Each structure stands twice: as C-alpha cells, then as structure tokens.
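Colleague: In the working numbering, the protein residues as written are 19 to 282.
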C-alpha cells in the first residue's frame, strides 16, 4: 500500500509555500519523496521560506513570482521545467483574505481578493497543463475553504473567490480528465497557525476567546485542526491512490460542514 501513496520522483510546486498551510503540505510531500518547488511574491519572503526549508532539512527550490501576473507565471513555469523538471503536482495555495463588511468594502479590494484567490489558480494551472497533457499525467490541488460552501460576515470577496475556485476545480477535472489529469480541492477547516493564535488566547478571566468558543461549539471534533491534519489528505490527492478521484473537494474540517452546532 505504501507504493500507491509514494511521491518518489515527483516534482511538486506549492504556490505561496513559504509558511503556513503551504509549508506544511510541502513538508508532507518531501517526506513522501517529492521534490519541493515553491514561490513567493518577493525576495524577502522567498529568503525566509528558504531558511525555513533549510531548517527542516528540505532541499526546496524557491522562485520569486507574483501568481496574478500571467507573464511572470509563464516565465517561472518554464524556468522550473528547465531547472528542476516537469511539474507533476501543482498546489494552488497562495491566497489572501480581507475581512471587511460588504457595504464598506471597495470594489478595488474585492477585485484584489478575486485576483489572488481565483484568477491566480487559473493562471498557474493554465501554465502547467500543457506539459501535464504531453506527459499524460498530473495532479492539480486547489486550496479551497469552508467558504467554498458557506457564507459569513465580512468575507464576501473571499467566499465568492473560494466558491469560484470550487467550480474551477470541477471544470478542470471535466476538461482534462481524459489526459489522466486529476484536479481536486482541499478545504481546510479552522487550523492552528500563528495567524489564528490571537483567536485562541485565554482571556484574562481564564475563559476561551469568544471566537475560540464559537469554533469549538461548531466542530464535532471539539478542537481546532492542526497543520499535520492536512498532511495525509494532501498526500492522498497528490498520489496514485487518488487516480480515479476527480473534481472532488475534500474538506478537512473536523466535521463542521456536517454539523448544525450545539444547542445554546
């Protein structure tokens, strides 16, 4: 069984893979045998990412690339293919969120979120697909969200983008499945990261943060997810074990989407 989950000899490009969920997925891919490639928007972010990979003993290949810039993406994809090899696995992980009430959000901010969270996955997938088609195989994994299914206050742009990304995932699967290319989504729930740490801090009276209470009450697992919870699902979607899984969104959310929540 270990062979069908192996990524030995595969080249995986994780966009925005310098830290957070992208970095955790890259770690899992390295342990499964893949060669890790990542990009970030600037040299400073890239250097921090390279140091983080070095500290983990991962010989990652890093590139500066703005994933919303089609010319830059095409150039980077060609450079990766020349210097590392054909991309076998693409993880569209780079993303942003702006928590602004809809009536206060500018159209420019809305467009920016759509550009990074939806247009960029289209651009990067488009850049790697021709070589995948020629090779006769490939895996594209789009990092979706519970907001691909649900709405919530202040995240109109993010929810619109992630909902669109879910449908882009299904369409890529529909259009390129005949070439032995599988495109699936990975939808993390609420994950313990440095960015969410303030939402999990104990209050002065020892009680949970109100948002922490909210998440625990909405999650059957009664806890936040950990980055390691994404490792197995991410490897599954990148491996031969998922060769007949296409256009699926795998939610790793502790059961939130299946649960109406506890009675107050």
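For every residue, glycine included, the Cβ atom is placed at its ideal position computed from N, Cα and C. All of these numbers come straight from a predicted model, not from anything done at the bench.
Between 217, 156, 122 and 207, which lies nearest to residue 275 when the distance is taken from Cα to Cα?
Modeller: On the chain shown, position 257 is the one that residue 275 refers to. Of 217, 156, 122 and 207, the smallest CA-CA separation from residue 275 is found for 207.
Colleague: With a CB to CB cut of under 8 angstroms and the five nearest residues on each side skipped, what residues in its chain are close to residue 76?
Modeller: Residue mapping note: residue 76 aligns to position 58 of the chain shown, counting from 1. Hits under 8 angstroms: 44, 45, 48 and 54.
Colleague: Given residue 91, which residues of its chain have a CB within under 7 angstroms of its CB, disregarding the five upstream and five downstream residues?
Modeller: As a position in the chain shown, residue 91 is number 73, starting the count at 1. If we look at residue 91 and ignore the five residues flanking it on each side, its Cβ neighbours are 83, 85, 141, 142 and 145.
Colleague: Can you tell me whether DSSP reads residue 93 as helix, strand or coil?
Modeller: Position 75 of the chain shown holds residue 93. Helix.
Colleague: Within a Cβ cutoff of 8 angstroms, which residues of the same chain sit near residue 248, ignoring the five residues on either side of it in sequence?
Modeller: Working through the chain shown from its first residue, we reach residue 248 at position 230. Closer than 8 angstroms at Cβ, skipping near neighbours: 39, 42, 43, 46, 204, 206, 209 and 270.
Colleague: Give the straight-line distance between the Cα atoms of residue 172 and residue 181, rounded to the nearest whole angstrom.
Modeller: Here residue 172 is taken as the residue at index 154 of the chain shown, counted from 1. Here residue 181 is taken as the residue at index 163 of the chain shown, counted from 1. Residue 172 and residue 181: Cα-Cα distance of roughly 15 angstroms.
Colleague: What residue range does the alpha helix (DSSP H) around residue 194 cover?
Modeller: As a position in the chain shown, residue 194 is number 176, starting the count at 1. Here the alpha helix (DSSP H) through residue 194 covers 174-194.
Colleague: Give me the DSSP bridge partner(s) of residue 212.
Modeller: Residue 212 sits at position 194 when you count from the first residue of the chain shown. Paired residues: none, contrary to the question.
Colleague: Is residue 151 near residue 31, with beta carbons less than 8 angstroms apart?
Modeller: By one-based count along the chain shown, residue 151 stands at place 133. By one-based count along the chain shown, residue 31 stands at place 13. No, the pair does not count as a contact, with Cβ atoms beyond the cut-off.
Colleague: Go ahead and pull the three-state DSSP assignment for residue 102.
Modeller: Reading the chain shown from its first residue, position 84 is the one you call residue 102. Correct three-state label for residue 102: coil.
Colleague: Kindly indicate the opening and closing residues of the alpha helix (DSSP H) around residue 30.
Modeller: By one-based count along the chain shown, residue 30 stands at place 12. Counting along the chain, residue 30 falls outside any alpha helix (DSSP H), though it belongs to the beta strand (DSSP E) covering 29-33.
Colleague: Excluding five sequence neighbours on each side, which residues of the same chain lie with their C-beta closer than 7 angstroms to the C-beta of residue 233?
Modeller: Walking along the chain shown from the start, residue 233 turns up at place 215. Answer for residue 233: 208 and 242, listed in chain order.
Colleague: In whole angstroms, give me the CA-to-CA distance for residue 115 and residue 123.
Modeller: Mapped onto the chain shown, residue 115 falls at position 97. Mapped onto the chain shown, residue 123 falls at position 105. Cα to Cα, residue 115 sits roughly 12 angstroms from residue 123.
Colleague: Considering just the uninterrupted stretch of the beta strand (DSSP E) at residue 56, what are its terminal residues?
Modeller: The residue labelled residue 56 in the question sits at position 38 within the chain shown. Looking at the DSSP string, the run of the beta strand (DSSP E) that includes residue 56 is 53-58.
Colleague: Whose CA, out of 236, 163 and 280, lies closest to the CA of residue 6?
Modeller: Here the chain covers residues 19 to 282 and nothing more, so residue 6 does not appear.
Colleague: What's the gap between the Cα of residue 222 and the Cα of residue 212?
Modeller: Counting from 1 along the chain shown, the entry for residue 222 is found at position 204. Counting from 1 along the chain shown, the entry for residue 212 is found at position 194. About 20 angstroms.
Colleague: One question on the structure: do residue 179 and residue 132 come within less than 8 angstroms of each other, judged by their Cβ atoms?
Modeller: Along the chain shown, read from residue 1 onward, the residue named residue 179 stands at position 161. Along the chain shown, read from residue 1 onward, the residue named residue 132 stands at position 114. Taking 8 angstroms as the Cβ cut-off, residue 179 and residue 132 qualify as a contacting pair.
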